[in-house]
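As they're listed, the protein sequences go chains A and B.
Each residue of the first sequence is one higher than the one before, counting from 1 in full-length UniProt numbering.
Each residue of the second sequence is one higher than the one before, counting from 1 in full-length UniProt numbering.
2 protein chains.
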Amino acid sequence: MAATLKDVAARAGVSVATASRAFQRPDMVGARSLERVRRAADEVGYIPNSAARALISGRRGVYGVVVPDLENPFFPAVLKGAQARAHHHGVQLLLADAEESPEGERSLVRTLAGQVDGVVLCSSRMDEEALLEAASLTRITLVNRVRPGMTGVFADPVPGIPAAVRHLHRMGHRRLGYVGGPATSRSDSARRTALEEVCREVGIDLLDVGHFEPGVEGGRRGAEELLLTDATAVVVYNDLMALALIDRLKGFGVSVPEDLSVVGWDDIPFASLLTPGLSTVQVPRYDMGALAVDLLVAAGEPEREDEGGEGRAIGLPTQFVPRASTARLAREV
Amino acid sequence: MAATLKDVAARAGVSVATASRAFQRPDMVGARSLERVRRAADEVGYIPNSAARALISGRRGVYGVVVPDLENPFFPAVLKGAQARAHHHGVQLLLADAEESPEGERSLVRTLAGQVDGVVLCSSRMDEEALLEAASLTRITLVNRVRPGMTGVFADPVPGIPAAVRHLHRMGHRRLGYVGGPATSRSDSARRTALEEVCREVGIDLLDVGHFEPGVEGGRRGAEELLLTDATAVVVYNDLMALALIDRLKGFGVSVPEDLSVVGWDDIPFASLLTPGLSTVQVPRYDMGALAVDLLVAAGEPEREDEGGEGRAIGLPTQFVPRASTARLAREV
DNA sequence: CGCACGAATGTATACGATTGCAGACCAATG
DNA sequence: CATTGGTCTGCAATCGTATACATTCGTGCG
């Protein structure tokens, strides 16, 4: 159906070899032939067959991206960043949603492995063994997870968390709650560590509210637990939970920021839309996606394999964005 | 690097043809050989090369999905639906973000055309000509847009819009504003038509507030324009705008739903999270994505090309979801 | 016992593009 | 004029898989 290089060559009156070179190495082709091939290609609407190209070159020009849940507002920006760099590298992205299941991730990597040059694994919840299997099947770059020996990109709690805590301290807060994420999450413990350190430094009591599921329900439950403490401010594992928490607090007649200050994590698009605007630690999602693709593509080009991140995890700095959900106490709860 | 069918065949002591058949037509292969091939494949970790397969079969097993903006909360659910059906059909999805630009869509379709068996175009803003070009390059299914002769899936304002209007009428509202989307948008005019019809029927004054950009800024401006009318309720082009509108109204001291009732469109995930929960017309995004992929895949399988939607646009019913943003007036503005 | 037939397997070719190699052609040089 | 060198072009092999066709083998029946 579609025109092939053979058709173009025939129409231009040259061999397929010349036609091919007209695109790949125009300098190797005579001006006359070049012109004729180009015109012929235009006329028949020639589009190179990527499958044939991939077969001979060994590179498919396609990378997979696996996310646990597309509807989680964290990921679209990651994808956009990835997409932008993919486009820049002349490469395509195969999207896969694991539907929150580690087993799903695993099987997705298996099927993707045969069709892509590498996979970006976002916020993977696979266990170590599955991760190793994945790495043996195809090139892997982790986003939002670190594993020694594997290439990855993650958000460094510093300087965002320290800045947030100092901000709260300046606002007069001395008792800070932390509504955490899943106990198994590395990023949760990294954030905890950063919090502990800076709280000790500036002299704030850090109150552990516990571990919660990273969704709306977790945020609601976090609010309930939080009210059992005497914290005047709270840092929440992510924005989604923070918003749910604020909503739940409102149900208890506790309003933000008059009665309580709230800091989120991520800076999802909605964080600034709501009233009150959510103070949060901005995670460079776009850059994370972009860098992940860069690393993956670079790893596939041996000549400049020494570009950096090979097998290493790169931390991208976070930034505290103060908005209306943090303030000096208007009244004691 | 990776094991090929040849390796498997050698290890199993059979020819590549037999090895191939062991996977494609197991019934044509002796039990003994079948077993040996399977074991050999397992041992070397054989993964079929999709490029080679695509080359010979002519089908790539990959479909493209083009969205104008991934960060628009409308699309993730569409993608999830598409993804789910793609997985069901044993097919992959190539994701592309057009970054809000019709020209971007156009060039994406061009590049995708050579790598996929078809493209799902979501909420495309391409002009007619570009659309025709796209259709000439590859199989196209439209989502959220209709064009005679092209396969497509869209959200039918009925019964969602009539239900919403009747609900408002029952709440005592008699003057309803409509904050519309882009003037060029077909879905905007479809919604207008549905609104007019049901308003006439139940006896409500429909006040046209104008056309706005479908983002946060459009919603804010919509709020400002709305206050120039004496509407007591408003239907907004989409949830994102509705939320921004509510936020902006709050800035004017107008609160929802006490002073004004608001109905959105889409039912994006955040619509229910906020206080007040947004009353909205729920669009079956997931089903739209799913159906789009089904249609695309079906169109590629000639034997059952008569399955239905070929060249036709299919409307999926919407549903009104009442929440807290619609109520009887507590006080007159 | 021989023939025919079906099952199982192997051989060879095709898919479309790329590329090493060699040939054709021309100009410049000795 | 022969030789060299360079430019341009074509031939043919190749990537990994699928399949039409040919071949082999065993089996059942006449």
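Note that CB positions come from ideal geometry on N, CA and C, so glycine has one too.
It should be emphasised that the depicted structure is a prediction, and the values quoted were computed from it without experimental measurement.
Which residues, in chain order, does the stretch 250-280 of chain B contribute to contact with chain A at a C-beta distance below 7 Å? Lys250, Pro269, Phe270, Leu273, Leu274 and Thr275
Listing by chain order, which chain B residues have their CB less than 7 Å from the CB of A/Glu71? Residue numbering aside, residue 71 of chain A sits at position 71 when the first sequence is read from its first letter. Residues of chain B passing the Cβ test: Pro76, Ala77, Lys80 and Pro269.
Apart from the five residues on each side of it in sequence, which residues of its chain come closer than 7 Å, Cβ to Cβ, to A/Pro257? Along the first sequence, read from residue 1 onward, the residue named residue 257 of chain A stands at position 257. The residues are Pro276, Ala324, Ser325, Thr326 and Ala327.
Three-state secondary structure assigned by DSSP to B/Pro317: The residue you call residue 317 of chain B lines up with position 317 of the second sequence. Of the three classes helix, strand and coil, the one that applies to B/Pro317 here is strand, per DSSP.
Based on the DSSP output, what are the partners of A/Gln92 in its beta bridges? For the purposes of this step, residue 92 of chain A is taken as the residue at position 92 of the first sequence. DSSP, once it has assigned bridges, lists A/Val62 as partnering A/Gln92.
Kindly list, in the order they appear in chain B, the residues whose Cβ is closer than 7 Å to that of A/Val49. Start at 1 with the first residue of the first sequence, and residue 49 of chain A comes out as number 49. Looking at the sequence shown, residue 49 of chain A is not Val but Asn. Those within 7 Å of A/Asn49 in chain B are Gly114.
Please list, in chain order, the chain A residues whose beta carbon lies closer than 8 Å to that of B/Arg106. Start at 1 with the first residue of the second sequence, and residue 106 of chain B comes out as number 106. Under the 8 Å cutoff, chain A gives no residues; its nearest Cβ is about 14 Å from B/Arg106.
From what residue to what residue does the alpha helix (DSSP H) around B/Ser187 run? Position 187 of the second sequence, counted from the start, is the residue given in the question as residue 187 of chain B. Looking at the DSSP string, the run of the alpha helix (DSSP H) that includes B/Ser187 is Arg186 to Val202.
Answer yes or no: does any C-beta atom of chain B fall closer than 8 Å to that of A/Gln282? Here residue 282 of chain A refers to the residue found at position 282 of the first sequence. Chain B, which has no Cβ nearer than 8 Å to the Cβ of A/Gln282, makes this no.
Output, in chain order, the set of chain A residues within a Cβ distance shorter than 7 Å of B/Ala54. As a first step, residue 54 of chain B must be located in the second sequence, where it is residue number 54. Neighbours of B/Ala54 on chain A, chain order: Ala51.
Sufficient close CB pairs (3 or more, under 8 Å) joining the stretch 188-199 of chain A to the stretch 8-24 of chain B: no
Tell whether a beta-carbon distance below 8 Å holds between A/Pro48 and B/Gly114. Locating residue 48 of chain A in the first sequence gives position 48, where the first residue counts as 1. Locating residue 114 of chain B in the second sequence gives position 114, where the first residue counts as 1. Contact: yes.
Name, please, each residue of chain B whose Cβ falls closer than 8 Å to the Cβ of A/Gln24. Within the first sequence, residue 24 of chain A is the residue found at index 24, counting from 1. Near A/Gln24 there are no residues of chain B at all, since even the closest Cβ is about 15 Å away, more than 8 Å.
Kindly indicate which three-state DSSP category A/Arg32 falls into: helix, strand or coil? By one-based count along the first sequence, residue 32 of chain A stands at place 32. In the structure shown, A/Arg32 sits in a helix (DSSP, three-state: H, G or I).
So what's B/Ser15 in DSSP terms, helix, strand or just coil? Residue mapping note: residue 15 of chain B aligns to position 15 of the second sequence, counting from 1. Coil, per DSSP.
Using DSSP with H/G/I as helix, E/B as strand and the rest coil, what is B/Gly210? As a working mapping, residue 210 of chain B is identified with position 210 in the second sequence. Residue state, collapsed to three classes: strand.
Could you give the distance in angstroms between the alpha-carbon of A/Val66 and the alpha-carbon of A/Glu99? In the first sequence, the residue the question calls residue 66 of chain A occupies position 66. In the first sequence, the residue the question calls residue 99 of chain A occupies position 99. When rounded, the distance between both Cα atoms is 10 Å.
Of the choices A/Asp239, A/Glu310, A/Phe74 and A/Leu249, whose alpha-carbon is the least far from that of A/Glu225? Position 225 of the first sequence, counting from 1, holds the residue named residue 225 of chain A. Checked all of A/Asp239, A/Glu310, A/Phe74 and A/Leu249; the closest Cα to A/Glu225 is A/Leu249.
As assigned by DSSP and simplified to three states, the class of A/Ala155: Reading the first sequence from its first residue, position 155 is the one you call residue 155 of chain A. It is a strand residue.
If we call anything under 8 Å between Cβ atoms a contact, is B/Ala9 one with B/Ala2? For this step, residue 9 of chain B is matched to residue 9 along the second sequence. For this step, residue 2 of chain B is matched to residue 2 along the second sequence. No.
If you check the beta carbons only, do A/Asp156 and A/Gly315 fall under 8 Å apart? Locating residue 156 of chain A in the first sequence gives position 156, counting from the first residue. Locating residue 315 of chain A in the first sequence gives position 315, counting from the first residue. Cβ distance < 8 Å, so A/Asp156 and A/Gly315 count as in contact.
Could you pull the start and end residues of the alpha helix (DSSP H) that A/Thr111 belongs to? For the purposes of this step, residue 111 of chain A is taken as the residue at position 111 of the first sequence. Note, A/Thr111: alpha helix (DSSP H), Pro102 to Ala113.
What residues from chain A crowd round B/Val216, counting only those whose CB sits closer than 7 Å? In the second sequence, residue 216 of chain B corresponds to position 216, counting from 1. Ordered by position in chain A, the residues that pass the 7 Å Cβ test against B/Val216 are Leu273.
Exposure of A/Lys6, with buried meaning 16 or more beta-carbon neighbours within 10 Å: One-based indexing of the first sequence puts residue 6 of chain A at position 6. Classification for A/Lys6: exposed.
Between the stretch 34-42 of chain B and the stretch 70-84 of chain B, do at least 3 Cβ pairs fall closer than 8 Å? no
Around the C-beta of B/Ser261, are 16 or more other C-beta atoms found within 10 angstroms, so that it is buried, or is it exposed? The residue you call residue 261 of chain B lines up with position 261 of the second sequence. When all chains shown are included, B/Ser261 counts as buried.
Would you mind telling me which residues of chain A sit closer than 7 Å to B/Arg60, beta carbon to beta carbon, in chain order? The count along the second sequence starts at 1 and reaches residue 60 of chain B at position 60. Ordered by position in chain A, the residues that pass the 7 Å Cβ test against B/Arg60 are Ala51.
Comparing C-alpha positions only, which one of A/Leu112, A/Tyr286, A/Leu79 and A/Gly90 sits nearest to B/Val91? The count along the second sequence starts at 1 and reaches residue 91 of chain B at position 91. Answer by Cα proximity: A/Leu112.
Leaving out the 5 sequence neighbours to the left and right, which residues in its chain are closer than 7 Å to B/Ala86 when beta-carbon positions are compared? Sequence index remark: in the second sequence, residue 86 of chain B carries index 86 (1-based). Once the five neighbours on either side are set aside, the close Cβ partners of B/Ala86 are Tyr63, Gln92, Leu93 and Val293.
B/Leu240 (DSSP reduced to helix, strand or coil): Taking the first residue of the second sequence as position 1, residue 240 of chain B is located at position 240. If DSSP states are grouped into helix, strand and coil, B/Leu240 belongs with the helices.
For A/Met97, does the three-state DSSP call read helix, strand or coil? Within the first sequence, numbered from 1, the residue matching residue 97 of chain A stands at position 97. Reading off the sequence, residue 97 of chain A comes out as Asp, not Met. Note: A/Asp97 maps to strand in three-state DSSP.
Taking 8 Å as the threshold (C-beta atoms), are B/Gly181 and B/Pro148 in contact? In the second sequence, counting from the first residue as 1, residue 148 of chain B sits at position 148. In the second sequence, counting from the first residue as 1, residue 181 of chain B sits at position 181. Contact flag unset, no.
Taking only the alpha-carbon atoms, compute the straight-line gap between A/Arg125 and A/Ser187 and give it to the nearest angstrom. As a working mapping, residue 125 of chain A is identified with position 125 in the first sequence. As a working mapping, residue 187 of chain A is identified with position 187 in the first sequence. So the two alpha carbons sit approximately 12 Å from each other.
Rounded Cβ spacing between B/Thr280 and B/Val216 (contact assumed at less than 8 Å): Here residue 280 of chain B refers to the residue found at position 280 of the second sequence. Here residue 216 of chain B refers to the residue found at position 216 of the second sequence. Not really, about 16 Å apart at Cβ, beyond 8 Å.
How long is the line joining the alpha carbons of A/Gln282 and A/Val158, rounded to whole angstroms? Counting from 1 along the first sequence, the entry for residue 282 of chain A is found at position 282. Counting from 1 along the first sequence, the entry for residue 158 of chain A is found at position 158. About 11 Å.
Between the beta-carbon of B/Val116 and the beta-carbon of B/Arg59, is there less than 8 Å? Against the second sequence, residue 116 of chain B aligns to sequence position 116. Against the second sequence, residue 59 of chain B aligns to sequence position 59. No.
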